[in-house]
Each structure stands twice: as C-alpha cells, then as structure tokens.
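Enquirer: Residue numbers (the numbering used here): 19 to 404.
Please find one structure pasted underneath; my questions will follow.
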Ligand SMILES: [Zn+2]
C-alpha cells in the first residue's frame, strides 16, 4: 500500500520514492510508488499532476485500493525517482476545497442542511445542499465564510482513536470505512475528509459564491476561491473596463447606463416598426381591389412586417397575396390566401422556389433562394398552375 505523504503534509511538493510497478496502458503508463504526495481523484476532486523522474504525470487516480499515477513515459521498476507536483494547480484545489468546508459548515450550523454533493473542476466548484436557501441567506454565509478566512484559523488533519472519534461531533458525507481522518478548522468545522487542505484559512484568500440554482430537493451553489476567485475578479474588472468605455459611463454606474441604452434601443425598434407599418398601409392603399393574386417586394422588411402587410393586402384580393423582402442570401416571404390551403402547398412552393417554408392553412412564411422576378411571377401567376 502506497504511503500517503499528502495525508501528513499537504504542502509536500517534492519527494523521492521507489517505483513499485510501471504498467503500459493505452494512454501511457500506470506507475505505482511506495509513497506519494500526489492526491488521487476522489471525493469530487480531480487527481494531481506533476513529474515522476522524467515521466510527466497527467493524472492520479485509485485503481481498487492502489494509487496509480498516469505517466506519459515509463520509469524503471525498483528505481528511486525524484518526484515533483504541479503544485500551483494543487494549491488552487486546496483553496477551493477548504473553502467548501467553511461554507458547508456555516450552512449546516445555521440552517441544518447537509452538503450532499461536491464537485471541483478547473472552472468551478459546485456544492449541493439538501435544503433551500435565498440569495440573501447565501450572501450572509459568504460574508461569514470570508470572515473565517480573515481570522486566519488553523486547519488540522488527524486520525483520532475510535474512542475519541465517538465523542466528536463531525460532519461526514456517508458511511465511513476504516480509520476516519478528521479535518478540523478550529472553532468552525469538523469534517471527515481524505483530501489535502490549506494549513490556515488565510491561505484561501477570498471565497465568492457566484450563484445558485434549485437542484433536486435543495440547491446547487457555484463558487470560486483563492487564485480562481482572484482571476475571475480580474477578468470581470477587464470586462467592466471595456463596457465602461462602450457605454461612456463610470465603472460603478454600468447597470443604469446599460439599461438606458437598451431602453433607447427598444424605443428605436418600436419606432421603426411603426414606420414600416405606415409604409405597409400606404402600399396597401395603392392597390386596387382585384381578382388576381398580389405580390409586393419591400426592402428592409422583416417577417413580422411582411405578415402585417399581407394582413392588409388580403382584403384587396380574392386569391392570394404575398410580400417579399431581402434576406442574407435569398428572400424572406409571407403568403396569405383566401382560397387555397397553403399548408398543403408549402412543400410544392419550397421545391418550385428552392426554399424552406411552413405555417398554417391560410398563411405561410419562410426563405426562398431564387431570383426576385421569378418569385413575384410565381406568386402572381404560376402558383395556380399545376
Ligand atoms: Zn475536505
């Protein structure tokens, strides 16, 4: 059984170990050592990376009881190798993981809910709780969690004797087998956990809850801590700077400035629609009542505008009316009819005019990829031909 150096000290980054075995697999080699500081994927946390001798370690995981390091190249069995962890990534995991303990403990103590799911990825940490909380309640938890960070509380990990364990009031995520490892954040939390954590809460830096969704019978919160939270903040600040320049507004005033721009955009859109409807009324007024079909081309109309124009034109004819406008490639069209079932005809129209359309019995719309003159001729005359 490999000795778990990370159990004793989560800050061991370099060590020497003896290679117990090195087995070729599809994606490289599975290396087993007599001792390791690489934490294997477990409990929602992904495996460590680094180097064993000259072999780059891409992942660390459990295979049965055995801790296996996935190496790119082989190392010699029975040789003593120098090993090093890719510690920057591992430290981020320790920051996020310890932050999860603090948040879970605060929620448990204040609301009685348990952490029933934990997942730590390179992008986010998610924690699931078996009860509902509001964003205001989570804000308060976040504040208290950061207070615990700034109080720089010691984090200790140990295996208590069975008799001592029985007396401890600790959180755990299920039935535990074998010796129980307790992670204690003094005065804040006591939890059974096998992963590496920071030594003092101050090393977490900052804890930020980014959002939550309802999940199963409770909530799933997304959070970032430490370097990940700092990088997130930096990226948001950069975005704010760009937005501030686009909106010509100070960074602490972006929301009202954006709202003002969107309101202006909405008003402009409504104004445009009004103008296009007035154009439709002028076009419809210029058309005499007729027994023939009608087709009108109006540039810059959208599908909604074409539909409204058809609704005005249909009163002028006993047959069909159509309206078309330019699309990115081809033409948008709407066609309305008094005497034909357009839904049944939509396949024929699509074939005849190289397009796609659909709709109801009395009105169809879509996009056509043929020339404008052919489309107008088709709706005015040829559509009635078999
Ligand atoms: Zn833990």
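Don't be surprised by glycine CBs; every beta carbon is placed ideally from N, CA and C.
Bear in mind that the values here come from a model prediction, so they are computed numbers and not experimental data.
1. Closer than 8 Å: is that where the CB of residue 273 sits relative to any heavy atom of ligand 1?
2. Excluding the five sequence neighbours on either side, which residues of its own chain have a C-beta within less than 7 Å of the C-beta of residue 305, listed in chain order?
3. To the nearest angstrom, how far is the alpha carbon of residue 245 from that of residue 128?
4. Can you give me the Cβ contacts of residue 223 inside the same chain, cut-off strictly under 6 Å, excluding the 5 residues immediately before and after it?
5. When you compare only the Cα positions, how much space is there between residue 25 and residue 35?
6. Assuming residue 328 is part of the alpha helix (DSSP H), what are its boundary residues?
7. Any residue with its Cβ nearer than 6 Å to a heavy atom of ligand 1 should be included. What is that list in chain order?
8. Please name the residue, chosen from 210, 160 and 33, that lies closest to residue 443 on a Cα-to-Cα basis.
9. Between the Cα of residue 212 and the Cα atoms of 189, 274, 164 and 365, which residue gives the shortest distance?
10. On the DSSP bridge assignment, give the partners of residue 350 in chain order.
11. Of all the options 145, 84 and 49, which has the alpha carbon lying nearest to the alpha carbon of residue 74?
12. In chain order, which continuous runs of the beta strand (DSSP E) of length 3 or greater are located wholly inside the segment 131-213?
13. Starting from the Cα of residue 118, find the closest Cα among 227, 275 and 77 and give me that residue.
14. Expressed to the nearest angstrom, what Euclidean distance is found between the alpha-carbon atoms of residue 90 and residue 67?
15. So, with DSSP's three-state summary, where would you put residue 98?
16. When we look at the beta-carbon of residue 95 and count the other beta-carbons within 10 Å, is it buried (16 or more) or exposed?
17. Hey, residue 283 and residue 265 are a contact pair by Cβ (cut 8 Å); roughly how many whole angstroms apart?
18. So, are the CB atoms of residue 337 and residue 402 less than 9 Å apart?
19. Using the three-state DSSP reduction, which class does residue 32 fall into: helix, strand or coil?
20. With DSSP as the reference, label residue 230 as helix, strand or coil.
21. Nearest-angstrom Cα distance between residue 352 and residue 280?
22. Distance check for residue 232 and residue 134, CA to CA, integer angstroms please.
23. Taking the C-alpha atoms as reference points, what is the distance between residue 301 and residue 347?
24. Could you pull out every residue in the same chain whose Cβ sits closer than 7 Å to the Cβ of residue 38, ignoring the five residues on either side in sequence?
Expert: In brief:
1. no
2. Cβ within range, chain order: 312, 331 and 334.
3. 28 Å
4. 244
5. Cα-Cα distance, rounded: 16 Å.
6. 321-331
7. 115, 119, 201, 211, 213 and 215
8. Absent from the model: residue 443. The displayed extent of the chain is 19 to 404, so no value can be given.
9. 189
10. 343 and 385
11. Checking every option, the nearest Cα to that of residue 74 belongs to 49.
12. 133-138, 143-147, 173-176, 200-203 and 207-210
13. 227
14. 11 Å
15. Here residue 98 sits in strand by DSSP.
16. exposed
17. Not really, about 12 Å apart at Cβ, beyond 8 Å.
18. Judged by beta-carbon spacing, residue 402 lies within the 9 Å limit of residue 337, meaning their Cβ atoms are closer than that value.
19. Judged by DSSP in its simplified three-state form, residue 32 adopts strand.
20. strand
21. 29 Å
22. 14 Å
23. 25 Å
24. 50, 51 and 52
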